[in-house]
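Undergrad: First residue of the sequence shown: 2, per the numbering used here; consecutive thereafter. Ideal Cβ placement from N, Cα and C applies to all residues, glycine included. All values reported here derive from a predicted model rather than from experimental measurement.
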Amino acid sequence: MNKDTESVPDMKNLITALLLSALALTTTSVAAELTLRKGDHVCLVGNELGERMQHHNFFETLLHQSYPELELTVRNLCFPGDEPAERIRSMAFGDPDSHLTHSKADVVVYFFGFNESFGGEEGLEEFTQQVTDLVKHTTAQNYSKRGKARVVLVSPIAFQNLGDPNITDGTQQNVNLALYTAALQDVAGKLNVAFADFYTPTKKLFADTDQRLTLNGAHLNEAGYRAAAPLFMRALGLKVKESKSFEAIRTQVADKNFHWWHRYRAVNGFSIYGKRGEAGRDGSGTYNNRDVMERERAILDQMAANRDSRIWALAQGKQIPEEVDDSNTLPFLNVVTNVGGKDDPNRKRGKLGSLDYLPAKEQLKLFRTAPGYEVQLVASEEDFPELANPVSLNFDNKGRLWVTTMPSYPHWKPKSKLDDKVLILTDNDGDGRADKCTVFADGLHQPTGFEIGHGGAYVAEQPDILFLKDTDGDDVADVRIRKLVGFDSADSHHGISAFEWGPGGALYFNEGTFKYSQVESPYGLTRMHEAGVWRFDPRTEHFSTHVSLPFANPWGHVYDRWGQDFVSDASPGFNYWATPISGRVEYPAKHAGGAFNDSVNNFKDTALRGRDVYPRFIVKRTRPSAGSEIVSSRHFKP
């Protein structure tokens, strides 16, 4: 044997695994073929590979284009991080069967194998059993009332070696991915369901090109989904038909998926199907939160169906009206405000407040400051109407003020314009007052936080984190990438916020309670529930939890010059030293303490119960604690 091979401890195991995976791919049982029928409802279920297909709509467009006579209905039910036996969701989201029933699924396309592959050869037996159990369960269901569900098992794609020394080259990942592809094929053959080998053609695709087709080696980018779409069609045993209407159809598919996305991945789920759904009874005593928002979701279902018809028409070569006719949807509920009513607890406590907002000039007169200090107005909505509902801010290295706005809060209402923004405010004459407002990005949804870096900005757009970048110097983002996905959307004001660069170059950001998130990376799956602080290293693509503690809504995070970090939790008004609560814990474990310690952790040890397990760096005097920042300046008196 080669001396160099002997000197590497894992080389024997690697070669053995390669041989086993190659053998497995050639000796598995023969799977059934996928047969599509007119009017089928096709549901995609599984991990990030499938989830991103609704945002890069090449496969679905090809499907309609190639089979226009079938008038297929496609609904994407994928969540990043989903596995056959573990798919974490926020309270009362509903089990998989309930959503497949709602979608009237005839064909269920399962995307599994990537996250599980990090279990290596040792995890194969458990994975195989989980997939077997899932397929047997699914094929016994009649979700559509038209017959038993038909199943397709889709393998993971191959890992692309990006040639970046900071990111894994995927050698070991591809060994494992081949093994899990073979396991899926074997299950499909034994249970007589369809199988799509997506691993083999994408491995060849990556080998034959120098183009970067993935975001991080593991997940396809826009170009990757475009290139892989016909490969996926053929892997499913389907024909690929060319058409000059491809882009026109894809535009309609994107519009349909936009409305379905806001229905299925609705923000504020905790106030729809969760505990707060019963709250918020309106002034007439008729409607609560659930009534109002479930009506909105029903309207979105109808709007998605209206767009299905337009997709079918275009695919069949017909003309469609320029504007979508949504006049057939249910009406919105006519809700009467409960503010100021006899049962309003804030009115009873004398805390009702007023909707008469003073002009900025008048507000300045009301500030009380320490001797020698004053408050100045930098920008207002009176000067720049785009500045409505500002929620987070930061300064760039040119001294410009960046702000995100959320006029759509608490979430977007169907049929209205979705237009939350990132703004850049510039003081051109140095008088401390903004003279110019530039819309860096619009059309956003709930941008609860952001951070500037790497020539652009990382922006939370629930439930994702986008990377936005201007490449032509006009201060308007022309690159928009869904960089990190898999965060929960149970409550919009508990969404990703408090972005902070750490001293080691990693990006940190916070998430609040009610959330059940699972984020994929080239190194494996990371889960966290009920609040914490995330850590992402853009250089290596590593993703992990930094703090897992039952906060309420931690809106503040800051590092000092010595590398210590501090976290502020808004609702209880608590402010923590992060060091004692940042030790590694594995999901579902969490550190003790925090506003929801007892309800989340339920420790039996009394020393670990309550909200005061860890010390806080300031004495609570008020709540909420809306953020934290360390201010150091020669302007301050000694």
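Report the rounded CA-to-CA distance for L24 versus V188, giving the unit in angstroms.
TA: Annotation note: pLDDT 49 at L24 (below 50); position unreliable, no value reported.
Undergrad: With C-beta atoms as the reference, is V254 less than 8 Å away from N58?
TA: Yes. Within cutoff.
Undergrad: Using alpha carbons as the reference points, say which of R540, K257 and Q519 lies closest to Y588.
TA: Nearest option by C-alpha distance: Q519.
Undergrad: Name the two residues that bound the continuous beta strand (DSSP E) containing E512.
TA: From DSSP, the beta strand (DSSP E) with E512 extends over L508 to E512.
Undergrad: Closest to D436 by CA distance: which of R151, N222, E382 and T541 is it?
TA: Residue E382 is the option with its Cα nearest to D436.
Undergrad: Using 8 Å as the Cβ pair cut-off and three pairs as the minimum, do the stretch 551-558 and the stretch 497-504 touch?
TA: These segments touch.
Undergrad: Starting from the N-terminal side, write out each stretch of the beta strand (DSSP E) that is 3 residues or longer and does not extend beyond the stretch 469-499.
TA: DSSP runs (the beta strand (DSSP E)) wholly in the stretch 469-499: 480-485.
Undergrad: Do the stretch 36-49 and the stretch 292-306 meet, that is, are 3 or more Cβ pairs less than 8 Å apart?
TA: At 8 Å Cβ cutoff, the stretches do not touch.
Undergrad: Using the DSSP secondary-structure output, state which residues sit across from P465 in a beta bridge.
TA: Here residue 465 is Asp; the residue named in the question, Pro, does not match the sequence. According to DSSP, D465 bridges with E462.
Undergrad: What are the start and end residues of the alpha helix (DSSP H) that includes R298?
TA: Run containing R298: N290 to A316, per the alpha helix (DSSP H) assignment.
Undergrad: On a CA-only basis, which of N335, F60 and I273 is nearest E243? Give me that one, please.
TA: It is F60 whose Cα lies nearest to the Cα of E243.
Undergrad: Taking the alpha carbon of P69 as the reference point, which residue from A389, V241, V340 and F567 has its own alpha carbon closest?
TA: Minimum Cα distance to P69 is reached at V241.
Undergrad: Quick one: Cα of P97 to Cα of A267, how far?
TA: When rounded, the distance between both Cα atoms is 16 Å.
Undergrad: Is it the case that the stretch 138-156 contacts the stretch 106-116, given that we only count it when at least three CB pairs across the two stretches are under 8 Å?
TA: Result yes; three or more Cβ-Cβ pairs closer than 8 Å.
Undergrad: With distances taken from CA atoms, which of I482, F451, G505 and F468 is nearest E512?
TA: Nearest of I482, F451, G505 and F468 to E512, Cα basis: F451.
Undergrad: Could you pull the start and end residues of the beta strand (DSSP E) that A195 belongs to?
TA: Taken as a continuous stretch (DSSP letters only), the beta strand (DSSP E) holding A195 covers A195 to A197.
Undergrad: Cα separation between G594 and L125?
TA: Each residue's Cα considered, the two are about 37 Å apart.
Undergrad: Exposed or buried, what is S156 when buried is set at 16 or more other beta-carbons lying within 10 Å of its beta-carbon?
TA: S156 is buried by the Cβ-count criterion.
Undergrad: Just to check my reading of the structure: A158 and F199 have Cβ atoms closer than 8 Å, yes? What is that Cβ distance to the nearest angstrom?
TA: According to the sequence provided, residue 158 is Ile. The question's Ala does not apply to it. Contact holds; Cβ gap of about 5 Å.
Undergrad: So for S600, helix, strand or coil by DSSP?
TA: It is helical.
Undergrad: Relative to the alpha-carbon of D475, which residue among I89, K414, N602 and C438 has its alpha-carbon at the smallest distance?
TA: Measuring from the Cα of D475, the nearest candidate turns out to be C438.
Undergrad: What does the Cβ neighbour count give for E117, buried or exposed, with the cut at 16 atoms within 10 Å?
TA: By the 10 Å Cβ count, E117 comes out buried.
Undergrad: Quick check: the Cα distance between S634 and L508, rounded to an integer number of angstroms?
TA: Using only the alpha carbons, I get a separation of about 24 Å.
Undergrad: Starting from S572 and walking both ways along the beta strand (DSSP E), at which residues does that stretch end?
TA: Here S572 belongs to no beta strand (DSSP E), and DSSP marks it neither H nor E.
Undergrad: Taking Cβ to Cβ, would you say A579 is nearer than 8 Å to D570?
TA: No, Cβ-Cβ distance for A579 and D570 is not below 8 Å.
Undergrad: Under the three-state reduction of DSSP, which class applies to V620: helix, strand or coil?
TA: Coil, per DSSP.
Undergrad: If you drop the 5 nearest sequence neighbours on each side, which residues of the same chain put their C-beta closer than 7 Å to that of F160?
TA: Hits under 7 Å: G171, Q174, N175, L178, G218 and A219.
Undergrad: Can you tell me whether T62 is buried or exposed? The criterion is at least 16 other CB atoms within 10 Å of its CB, across all chains shown.
TA: T62 comes out buried.
Undergrad: Let me know the secondary structure DSSP gives S145 once reduced to three states.
TA: Of the three classes helix, strand and coil, the one that applies to S145 here is coil, per DSSP.
Undergrad: If L485 and F441 are in contact, beta carbons under 8 Å, what's the gap, nearest whole angstrom?
TA: With 8 Å as the limit, L485 and F441 do not qualify as a contact, their Cβ atoms being about 19 Å apart.
Undergrad: Would the beta-carbon of K470 fall within 8 Å of that of A478?
TA: Going by C-beta atoms, K470 is nearer than 8 Å to A478.
Undergrad: Which of the three DSSP states is assigned to L445 in this structure?
TA: Strand, per DSSP.
Undergrad: Out of T169, R540, A608 and A197, which has the shortest C-alpha to C-alpha gap to Y181?
TA: Answer by Cα proximity: A197.
Undergrad: Under 6 Å Cβ to Cβ from T28, same chain only, skipping five residues before and after it: list those, please.
TA: Unreliable placement is indicated for T28, whose pLDDT of 47 sits below 50; the coordinate value is still reported in the next sentence. Excluding sequence neighbours, T28 sits near nothing in its chain.
Undergrad: Give me, in chain order, the residues of the same chain whose beta-carbon lies closer than 8 Å to that of G341; leave out the 5 immediate sequence neighbours on both sides.
TA: Excluding sequence neighbours, G341 sits near R348 and L353.
Undergrad: How would you call S91, buried or exposed, if buried means at least 16 neighbouring beta carbons within 10 angstroms?
TA: So S91 counts as buried.
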